[in-house]
Structure formats: C-alpha cells, structure tokens
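Chains as they are written, first to last, in my numbering: chain H, 170 to 511; chain W, 170 to 511.
Report on one structure; see the data block that follows.
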C-alpha cells in the first residue's frame, strides 16, 4: 500500500491520490497499487478499470515523492571520457539496456578526459542522489576516487584505479597487447612501433607490458624510439607515423593501442606509398566498426564491449541491492581478429 | 532561506540541516544558503568557514527534497535511436555540454528504432518527472507524440513530426539531397542510385525530394529501380549494391542517405573491382569520421551536429523557463564536403 498518501501536483496533470482512484474504481488502495506496479493478482477487468481511471484523471506514480520515501532515485550515473567513441558508446548502450528493465534510468556525463569536468560531475552525481556510478575515470587524484566510493556504490569499467576493495570490470589488456605484438612478430616484423594513449591508465599500461613481454619472448630487442605517445585521434597518429618516416627510422610493424590510432597510421603509410601489409603490418585494438570497414580492413584485438557493460551493470545493481560481491575484479578475455593489415 | 528545513539522511553521510551549519559557523541560515548557492554577498572568510563546516559534517543540498519543493528535477531526457552512431552521439554531447553548466543532468534512452521501447521510455520519463525532453522519435503514432507534448516541454531534433506547434530543430535535408545529387550529375553521372533508410521519416523524405528535384532540374529521367530501401548499416547497403550489380542494372553514381550506407556501397564496388570515382561516384550524408578516414575518403553533406544539439538545448531550456519560442522550426544549413569519391 505504498503510495496511498502520495499526492503531488505535476505540470499539466491533475493531482490525484491512489486513495481517490481506489474510491472511484470501488477497489482497495492495495489493489490500485498492485495494478500500478504490475505486482500480484488482479482481474483483467480490475486492471482495465484502474488504468482507464488513472489515464483519465492523470495520476502518476510520482517518483520524486517515492524517492524521498525510499531514499532511492532509481537512477545511476555513468562518467565516460567520450560518448562519440563507439567503444564507449557500446558499453553505455549495454548498461542502459540492462538497467532500464530494472526500473533505473541512466545519467550520462562526458569528461573528454578533463579532470576539472570530472570533479564537477562527481559533485553533481552526489547532489542528484544517484543510486550508483559506473565510472570510466580520468582523474589522477586517487583520494577523490576513494572519496566517491565511500558515498555511493561505484563500479569501475575499462580503467582500473588499483585501489583496495574497488569493484572493477576490465578487458585482459595485457594479453591483448601480447597477442597483437605476437601476431606482428609471427608475420615477420622485427621493428615494431607502438602507438599509445598519452594518458597512462591501466589499459595502456597492460597493453604496453604485453608488447614488451612479446618482444622479449621472441628475442627482439626493445627500441625506445618506436614508442610513440599521443592523444587518441587519427590525425595525431598520422602525424606521428609521418614524422617517423621522415626521420628515416625503420619499422615494419605497428601496434596501435586503439583502432582509431591504426586508422591514422594507415593514412600516413598511404601518403608515403608504403604498402600494407606487404611492407608494414598493422594491428589495432577494440574492434570497433572502423576496423572492419576500413580499407584494408584492420587486424585488431576484440574487446567484448557488451559484456563489459552488462557485467558492470549487474555488479552495480548487486551493490545497490546490498548484496556482497565475491569477485571484485572481473577480467574479460580478448581475442585477435585477423583481417587484411597482417 | 530555502533549504533551511531540509534534513535528509543520505547513505554514507551525516544528516545535518542548514540551521545546524549556521549555528556552528555563527552566521544566519540565509548566509549559509547564499554561500551554498553561490548567490549574493559574503566574505571569503565566511565562505571558507561555511564550506569547511559543510565538508566536515557531510551536508548536501539534497536535490530530492529540493525537487519536491520546486517541482523541478533538474534533469532532461533524450530519446535517441542509436548512441553508437557518431552522428547522434555528437548531438547528445552538445546537449550535455550545454545543459550541465545550467545545473541539469541528462538521461539517455536508446530506442534502436523500436517503438515498443520508445513507448516505455516515454512513460519512464514522465514517472521520473524530467523537466523536458529532447526527442529523436521513431514512433509512428502521432497521438502518442502529441500526448507527451501536453505533459512536458519537448524539442524534436533531426526528425520533424510535422505537428502543429511542435518545436523542431533539423538540418536542411532537402537542400542536402539536392546538393548531393547535383554533385553527382555535375561529375557526369546519369544513372544515380539512392540508398535510403527504410523508415520513412522527415530526414529521408527531404533528402529523397532533393534527389528527385535535382534529377528533374537537369533533365535526367527518374528510374524507380535505382531507389533502394534498407536499414542503416554498411552490410545492408553492401548487399543491396552487390545485388544491383549482379542483376546487371547499370548505374554510375550513388547517393547514400548516410555515410555508413556509403561505406557499404564502397565495399560492394571494391568487391566487384569497380573503380571509385572513375567508374562510379559516391556521395554520403552526415559527415561523420568514417567519411573522412575511409579510403577513398567520401564526399558527403555536412550536418552541423554541435549546433543541432546546442540550439535544441537552448530552446528546451527556454521552454522549461517558461519563455515563449518565437521561431518554432529551426532549419540549419548543410554543405557539400568534396572528397575522393566524386
């Protein structure tokens, strides 16, 4: 019989309580509540009567009042670096698809890797009283990351803050970096460039470690001149590879830490009439559409974006529901997708 | 002195009222309120004292209570077909960037062009009491579209429901379709395929009308065999163009109503060793990254995604603030971006 006393005026609607609806329909308030929440038994006749009355009179389950009573807003926040990047968008989509049938809506905050923005977003999420947060952080201040965890349930996705007790869902970036580099080595490459995101987070650290270990395993000396750091966009990697070519530094393979960096590398190679895969081989990371539809199509490391989102969402829901999380760090497997650039 | 009586327990924080903060700081509740809302005059000393106390004691402007008092949730909804499509993601990003500094957060709902989902989302947005809606509808039921407009402020973006009094921001799709087709004609094409979204909405209707009028202006007979309808994905357009080639239907130009459809067309042409732009020319629509970074890069019609989002957001904010909207249908200009496929 929750909601029986709710009576809130909402713009453009008449204000009416469950009690009044019950009276009009000649049923109990409990029955009205069951129909509105689609919870429990009632006849089709009762259902139709109640719903018609509700519609006619403009009653709404007023979530504001409900939130005040339950201390739940039935909303979760997502802080994400770039929703225009299909990799992140796919994860957000999986999270929204998971949470909506559970009655939760999703607030999206885009940082563009700006810590100042991220800081403001954390304050806003707190003020908006979201029930939980899915957090792709760029914040370097681990104190702030710990602070938000004390206030609301938080699941970290993609990037691991490496904090005690933090709940994290990530891809096996180390194995991804290893497989990408091994693919280049097995295709005959000996001078392998790595294109990295300039922001050092766990994804890049893992992929780089995989790259180093693969070189090591196959007895290929590491050359620091071949490690190129940049912001993730195709033009940046195009310029970096062009500079390398113009400086006369020899290379025969490129491991790009994202598919978009691989796209820029391909543009640079095309500009200098270097044939792919004959003269230089390329492997990307993420397996977003551009890797499949680029010409040549790009060999890449697949991340299971839908599973990353679904598992993060399930863990966050469990935390919101007060369930204990046994395994706090889920690492999803990656796989090599062989295409035309190797 | 709003907020002086707010006192809500939030998970993980101590519950404390403005009154108590005022007492501790030795200032009035009005002063505390002014500091918290950054509104009006107070000394730096007072500000620091209040903020330190607030931080120490974990007071928060509890937005739930505030919402109940103001009848505003300071949130807006966006219903969008596909956040993984960079075109929509760019508009969402502009909307979020506009609204956040105004104190609003953004709830994102992805329909995947599913009317059933859209229907549920509309109900949820109402129940969540959002202050307004930015609406890329797929709904064919104009009655439902009218119903939501009666309840909350709505701005339609991209797709025009053609309803009296509806506030709409859209690109000049007609001119876009005309310019794309004219570009193909001026490059020598006479048999021009059009690849359309199977869902007939105003964007497609406008582009198609532009295509027909351009053919007409240049005295090129219309051939219904060259009108191909499909869902927007690269594989669908690849298959459609392959079928056309295999059926022996002659064509020398393709106007793809989105860049992703153009990408699929290029794949089909490549598969059949048809040279672009020598044998067949292609123009896309949207100007998303794939058109710039594809090889060959794709001539396309630019839509100003950021402006679409910003103008829609400004209009929605004006409506929420009760301002009158003089111009209810904003049509943004488009432009031809010439690249390698023409």
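Note that CB positions come from ideal geometry on N, CA and C, so glycine has one too.
- prompt: For residue 200 of chain W, does the three-state DSSP call read helix, strand or coil?
  reply: By one-based count along the second chain, residue 200 of chain W stands at place 31. It is helical.
message: Quick check: what's the CA-CA separation for residue 272 of chain W versus residue 496 of chain H?
response: Within the second chain, residue 272 of chain W is the residue found at index 103, counting from 1. Within the first chain, residue 496 of chain H is the residue found at index 327, counting from 1. Spanning the two alpha carbons is a distance of roughly 37 Å.
query: Grouping DSSP H, G and I as helix and E and B as strand, with all else coil, what is residue 510 of chain H?
result: Numbered from its first residue, the first chain carries residue 510 of chain H at position 341. Reduced to three states, the DSSP call for residue 510 of chain H is coil.
query: Is it true that the CB of residue 364 of chain W sits closer than 8 Å to the CB of residue 413 of chain W?
result: Start at 1 with the first residue of the second chain, and residue 413 of chain W comes out as number 244. Start at 1 with the first residue of the second chain, and residue 364 of chain W comes out as number 195. No, the pair does not count as a contact, with Cβ atoms beyond the cut-off.
- prompt: Which residues bound the alpha helix (DSSP H) around residue 432 of chain H?
  reply: As a first step, residue 432 of chain H must be located in the first chain, where it is residue number 263. It spans 428-440 - the alpha helix (DSSP H) in which residue 432 of chain H sits, taken as one unbroken run.
task: Give, in chain order, every unbroken run of the alpha helix (DSSP H) that is at least 4 residues long and sits entirely within the region 324-387 of chain H.
output: 342-355 and 371-386
field: Where residue 208 of chain H falls, given that 16 or more other Cβ within 10 Å makes a residue buried
entry: What you label residue 208 of chain H is simply residue 39 of the first chain in a count that begins at 1. Exposed.
task: Provide the residue span of the alpha helix (DSSP H) that contains residue 460 of chain W, from first to last.
output: Here residue 460 of chain W refers to the residue found at position 291 when the second chain is read from its first residue. Unbroken alpha helix (DSSP H) run through residue 460 of chain W: 458-462.
Nearest to residue 332 of chain H (by Cα), restricted to the options H:295, H:351 and H:498: On the first chain, residue 332 of chain H is found 163 positions in, with the first residue counted as 1. Checking every option, the nearest Cα to that of residue 332 of chain H belongs to H:498.
message: Quick check on the DSSP output: the beta strand (DSSP E) that includes residue 398 of chain H runs from which residue to which?
response: Within the first chain, numbered from 1, the residue matching residue 398 of chain H stands at position 229. Start and end: 396-399.
- prompt: If you count every other CB in all the chains shown that lies within 10 Å of the CB of residue 358 of chain W, and 16 or more means buried, which is it?
  reply: In the second chain, residue 358 of chain W corresponds to position 189, counting from 1. By the 10 Å Cβ count, residue 358 of chain W comes out buried.
task: Could you please give me the residues that DSSP links to residue 165 of chain H through a beta bridge?
output: In the structure as shown, chain H starts at 170 and stops at 511, and residue 165 of chain H therefore has no counterpart that could be examined.
- prompt: Ends of the alpha helix (DSSP H) at residue 317 of chain H?
  reply: Locating residue 317 of chain H in the first chain gives position 148, where the first residue counts as 1. Residues 311-320.
Chain H contact for residue 304 of chain W (CB, 8 Å cutoff): In the second chain, counting from the first residue as 1, residue 304 of chain W sits at position 135. It does not; no Cβ of chain H falls within 8 Å.
query: Which stretch, first to last residue, makes up the beta strand (DSSP E) that contains residue 470 of chain H?
result: Here residue 470 of chain H refers to the residue found at position 301 of the first chain. Per DSSP, residue 470 of chain H belongs to the beta strand (DSSP E) from 469-471.
- request: Buried or exposed for residue 270 of chain H, please, with buried defined as at least 16 other CB atoms from any protein chain shown within 10 angstroms of its CB.
  value: In the first chain, the residue the question calls residue 270 of chain H occupies position 101. It counts as exposed.
- prompt: Does the region 447-457 of chain H come within contact of the region 308-319 of chain H, defined as at least 3 CB pairs closer than 8 Å?
  reply: no
task: Quick one: which residues of the region 430-446 of chain W get their C-beta closer than 9 Å to a C-beta of chain H? List them in chain order.
output: 432, 433, 435, 436 and 439
Within-8 Å CB hit, residue 293 of chain H to chain W: Your numbering for residue 293 of chain H matches position 124 in the first chain. So, interface residue.
- prompt: Residues bridged to residue 452 of chain H by DSSP?
  reply: Position 283 of the first chain holds residue 452 of chain H. Answer is H:424 and H:468, bridged to residue 452 of chain H.
Sub-8 Å separation of residue 303 of chain W and residue 326 of chain W beta-carbons: Translated into positions along the second chain, residue 303 of chain W becomes position 134. Translated into positions along the second chain, residue 326 of chain W becomes position 157. For residue 303 of chain W and residue 326 of chain W, yes; Cβs fall inside 8 Å.
query: Three or more C-beta pairs closer than 8 Å, one from the region 392-403 of chain H and one from the region 420-429 of chain H: is that the case here?
result: yes
- prompt: Does any CB atom of chain H fall closer than 8 Å to the CB of residue 253 of chain W?
  reply: Residue mapping note: residue 253 of chain W aligns to position 84 of the second chain, counting from 1. Interface residue, yes.
Range covered by the beta strand (DSSP E) that runs through residue 301 of chain W: Your numbering for residue 301 of chain W matches position 132 in the second chain. Taken as a continuous stretch (DSSP letters only), the beta strand (DSSP E) holding residue 301 of chain W covers 301-304.
task: Evaluate residue 342 of chain H with the Cβ neighbour count: other Cβ atoms within 10 Å of its Cβ, from every protein chain shown; 16 or more gives buried, anything less gives exposed.
output: Numbered from 1 along the first chain, position 173 holds the residue referred to as residue 342 of chain H. With 16 or more Cβ atoms within 10 Å of its Cβ, residue 342 of chain H is classed as buried.
message: So with CB distances below 8 Å, who are the chain W contacts of residue 297 of chain H?
response: Position 128 of the first chain, counting from 1, holds the residue named residue 297 of chain H. What residue 297 of chain H touches in chain W: 232, 243, 244 and 274.
query: Does the region 287-296 of chain W touch the region 251-269 of chain W, meaning 3 or more C-beta pairs lie closer than 8 Å?
result: no
- prompt: Are the C-beta atoms of residue 464 of chain H and some chain W residue less than 8 Å apart?
  reply: The residue given as residue 464 of chain H occupies position 295 in the first chain. Chain W contact via Cβ: present.
query: Rounded to a whole number of angstroms, what is the C-alpha to C-alpha distance between residue 464 of chain H and residue 254 of chain H?
result: On the first chain, residue 464 of chain H is found 295 positions in, with the first residue counted as 1. On the first chain, residue 254 of chain H is found 85 positions in, with the first residue counted as 1. Going by the C-alpha atoms only, they are around 20 Å apart.
- request: Consider the Cβ of residue 265 of chain H: report whether some Cβ of chain W lies at a distance smaller than 8 Å.
  value: To locate residue 265 of chain H, count along the first chain from 1; it is residue 96. Chain W, which has a Cβ nearer than 8 Å to the Cβ of residue 265 of chain H, makes this yes.
message: Quick check on the DSSP output: the alpha helix (DSSP H) that includes residue 261 of chain H runs from which residue to which?
response: Sequence index remark: in the first chain, residue 261 of chain H carries index 92 (1-based). Segment 255-268, the alpha helix (DSSP H) holding residue 261 of chain H.
field: Unbroken beta strand (DSSP E) run spanning residue 500 of chain H, endpoints
entry: For the purposes of this step, residue 500 of chain H is taken as the residue at position 331 of the first chain. Unbroken beta strand (DSSP E) run through residue 500 of chain H: 498-501.
message: Assuming contact is defined by CB atoms lying nearer than 8 Å, are residue 477 of chain H and residue 338 of chain H in contact in what I supplied?
response: Position 308 of the first chain holds residue 477 of chain H. Position 169 of the first chain holds residue 338 of chain H. Closer than 8 Å, so yes.
query: In whole angstroms, what separates the C-alpha of residue 356 of chain W from that of residue 421 of chain W?
result: Here the question's residue 356 of chain W lines up with position 187 in the second chain. Here the question's residue 421 of chain W lines up with position 252 in the second chain. When rounded, the distance between both Cα atoms is 10 Å.
field: Bounding residues of the alpha helix (DSSP H) (the contiguous stretch that carries residue 483 of chain H)
entry: Here residue 483 of chain H corresponds to residue number 314 of the first chain, with the count starting at 1. From DSSP, the alpha helix (DSSP H) with residue 483 of chain H extends over 474-489.
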